[in-house]
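Residue numbers (the working numbering): -19 to 225.
C-beta atoms are modelled at their ideal positions from N, C-alpha and C, and glycine is treated no differently.
Please read all numbers here as calculations on a predicted model, not as lab measurements.
Notes follow once the structure below has been shown.
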Amino acid sequence: MAVREPAFTLGIEEEYLLVNTRTGALDDDPPSALLQDCAQRTEGRLCPEFLRSQIEATTRVAHTAAEAREDLRQLRRTLIDVASEYDRAPVAAGTHPFARAMDQKPTEKERYVSMAEEVQAARRHMLVCGMHVHVGIEDEELRLDLINQLAYFLPHLLALSTSSPFFDGTDTGFKSFRCNMLSALPRAGLPERFHSWAELQRNLGVLLKNGLIVDTSKIWWDLRPSGRFPTLELRITDVCTSLDD
């Protein structure tokens, strides 16, 4: 019997920091008009993130890397253009060089408010930006098998993307301090190893049944099967400053 080739579609999510163009400082309360303009010009694909000083870009489903790159280029260009109208600019980096994480304000959105309540003290250090890449793989067992295989390459992929050496005004000595910050979250880090899709679902079912998570989006592994799409989601990389990277 012929094996159906996976779609291998691509989707990319990037998180950026918004700064004041005069001072370079983070804007912890950007104008609502800026966010509205971004959303309107991109059909909602530029939207607020966990902190008010962040904004997220989400590409359409792409069938090639070149297609995904062009979509991301347009999103970055639109954000630059809109932000400049308000004397703001986006920064594509995993952390800000001198901003104080404790001074940042969370976005008033139900999902983010719920997350802040859950992680408590850890949220005060979540001034970090990453890049998430979704790869379309319809077959569930194949998706799980690839997660187990790809886990080996996560350090390599992180090393290619590092952009967060600074935090709270200090040189941390790490190329990616973002990873250290995310390790404070529950259910974060490397994915657990499962031998079948059914075993993974039983594990998630126990967490849901006992009220430890409200949905599978609260699994923050560096690599995970998406809870919303038939995709494998890579989450370990810092956001890359260079589009080509």
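Residue i (DSSP reduced to helix, strand or coil)
i    : result
S12  : helix
L31  : strand
F146 : strand
A37  : strand
V121 : According to the sequence shown, residue 121 is Glu rather than Val. Three-state DSSP puts E121 in a helix.
L107 : coil
L223 : coil
Buried/exposed call for residue i, threshold 16 Cβ in 10 Å
i      : result
F(-12) : exposed
T211   : buried
H136   : exposed
G24    : exposed
C108   : Sequence check: residue 108 is Val here, not Cys. It is buried - the Cβ of V108 has at least 16 other Cβ atoms within 10 Å.
V194   : exposed
M161   : buried
D51    : buried
Q84    : buried
L170   : exposed
G74    : buried
L223   : exposed
H43    : exposed
S163   : exposed
E213   : buried
F209   : exposed
M106   : buried
L192   : exposed
R68    : buried
A48    : buried
A79    : buried
Distance CB(residue i)-CB(residue j) smaller than 7 Å
i     : j      : result
I35   : L(-2)  : yes
S141  : D218   : yes
F174  : L180   : yes
C18   : L31    : no
E(-7) : T38    : yes
P77   : L59    : no
L134  : I216   : yes
E29   : E(-15) : no
L15   : Y66    : no
S117  : R167   : Per the sequence presented here, residue 117 reads as Ile, with Ser not at that position. No, these two residues do not count as a Cβ contact at 7 Å.
Proximal residues to residue i (C-beta, below 8 Å), its chain only, five neighbours per side dropped
i    : result
L124 : F174, S176, W177, L180, P205
S64  : T1
A45  : L(-10)
Same chain, Cβ closer than 6 Å to residue i, five either side skipped, listed in chain order
i    : result
L184 : T196
F147 : T75, F157
R40  : D51
D225 : none
V113 : I(-8), L214
G149 : F78
Own chain, CB closer than 7 Å to residue i, minus 5 neighbours either side, in chain order
i      : result
G220   : Here residue 220 turns out to be Cys, not Gly, going by the sequence shown. So the list reads A72, M111, S141, S143, once near-sequence residues are dropped.
S33    : L(-3), L(-2), L6, D7, D8, Q84
G207   : D195, T196, S197
M(-19) : Reliability fails at M(-19), whose pLDDT of 49 lies under 50, so the model's placement of it is uncertain and the value that follows must be treated cautiously. Closer than 7 Å at Cβ, skipping near neighbours: no residue.
I'd like the ranges of any alpha helix (DSSP H) spanning at least 4 consecutive residues and lying wholly in the region 152 to 219. 158 to 162, 177 to 189
Return the chain-ordered ranges of every beta strand (DSSP E) run that is complete within the region 41 to 97 and spans a minimum of 3 residues. 68 to 71
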